[in-house]
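Chemist: The following block contains the structure, expressed as structure tokens.
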Amino acid sequence: MTPRERQDLLSRAAEHAFGHRWQSDLARHLGVSIRTAQRWASGDSEVPLGALRDLAIVLRKAASDANASADEIERQLKVLDE
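Each residue of the sequence shown is one higher than the one before, starting from 1214 at the first, in our numbering.
This is how it looks when you write it as structure tokens:
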């Protein structure tokens, strides 16, 4: 993966995980400075593979939580429909 591909992947994934203002939340989550996250986003610094690995964990947890919430909604709606 090229540095540019890492940068693009980080930006897309972090926005999914943390929203439009993802840089500060990502920095807080990873324990790095906001400036570090900004340098990754701008391409001034190469995105470490560890940051991408940690972000993948965050996304998987969020997806799991979202699926559990959707399942609960469907269960509750099914009860109401009976």
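Glycine included, every Cβ here is placed at the ideal spot set by N, Cα and C.
Could you say if the segment 1276-1291 and the segment 1233-1252 meet the contact criterion of at least three C-beta pairs nearer than 8 Å?
Modeler: When Cβ pairs closer than 8 Å are counted between the two stretches, the segment 1276-1291 is seen not to touch the segment 1233-1252, the count staying below three.
Chemist: Per DSSP, what kind of secondary structure is glutamate 1259 in: helix, strand or coil?
Modeler: By one-based count along the sequence shown, residue 1259 stands at place 46. If DSSP states are grouped into helix, strand and coil, glutamate 1259 belongs with coil.
Chemist: Please classify leucine 1293 as buried or exposed, where buried requires at least 16 neighbouring CB atoms within 10 angstroms.
Modeler: Taking the first residue of the sequence shown as position 1, residue 1293 is located at position 80. Leucine 1293 is exposed by the Cβ-count criterion.
Chemist: What does the Cβ neighbour count give for alanine 1227, buried or exposed, with the cut at 16 atoms within 10 Å?
Modeler: Counted from its first residue, the sequence shown places residue 1227 at position 14. It counts as buried.
Chemist: Roughly how many angstroms separate the alpha carbons of leucine 1272 and glutamine 1289, rounded to a whole number?
Modeler: Here residue 1272 refers to the residue found at position 59 of the sequence shown. Here residue 1289 refers to the residue found at position 76 of the sequence shown. Distance between the alpha carbons of leucine 1272 and glutamine 1289: 26 Å.
Chemist: Can you tell me whether DSSP reads histidine 1229 as helix, strand or coil?
Modeler: Position 16 of the sequence shown holds residue 1229. Correct three-state label for histidine 1229: helix.
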